[in-house]
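Numbering (my numbering), first residue to last: 6 to 152.
Backbone N, C-alpha and C fix where the C-beta goes; we use that ideal spot for every residue, glycine too.
The structure appears below as structure tokens.
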Amino acid sequence: MNIPLAAIASLAVFAWGSAASAQSPIEGAWSTRDDHGVVRIGPCGDKECGVLVTSDHIKAKPDITDEHNQTPALRSRLAKGMSILTGFAGGPVEWKGGKAYNPTDGGTYSGTISLAGPNTLKLRGCIFYPLCQTQVWTRVKGESGAP
6 MNIPLAAIAS
16 LAVFAWGSAA
26 SAQSPIEGAW
36 STRDDHGVVR
46 IGPCGDKECG
56 VLVTSDHIKA
66 KPDITDEHNQ
76 TPALRSRLAK
86 GMSILTGFAG
96 GPVEWKGGKA
106 YNPTDGGTYS
116 GTISLAGPNT
126 LKLRGCIFYP
136 LCQTQVWTRV
146 KGESGAP
């Protein structure tokens, strides 16, 4: 059987394109445990990142700033849309090597994200091991797509 080279090349491009556009299972909107926050996780380059979409504080005062940031120059930035998860790599069940920013205390922590189920994430942040804290986030209903 003689298959034309163009057909093989087309299949290879299609297969690569499908794999390259595959969505990470952590992409989408997640409800945090504190302050009724919502974080939207999605790709940033070849890593996963997350931005703060809303919280009780943002709902009460839409122009609230990052007033607790340890870097004075960043205290005037808006909390809404602020990047709070950066540089997580891995998958399909665990992502490591990232940083988690906590706007409540202005601290940035080394983090790990684990998928505990299709609608449950465990986010672990550490000052340094073993000084860590884990939060459980749940997927916002109706959200399963990339940001």
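- Across the set 124, 94, 111 and 117, the C-alpha of 111 shows the shortest separation from the C-alpha of residue 74.
- Shown here, residue 77 sits in a helix according to DSSP, grouped into three states.
- Where residue 94 is concerned, the enclosing beta strand (DSSP E) starts and stops at 88-95.
- Selection 118, 67, 130 and 131 evaluated against residue 29 yields 118 as nearest (Cα-Cα).
- When rounded, the separation of the alpha-carbon atoms in residue 36 and residue 64 is 15 Å.
- The C-beta of residue 50 has fewer than 16 other C-beta atoms within 10 Å across all chains shown, which makes the residue exposed.
- At the C-beta level, residue 101 and residue 113 stay beyond 7 Å of one another.
- Residue 69 is bridged by DSSP to nothing; it lacks a bridge partner.
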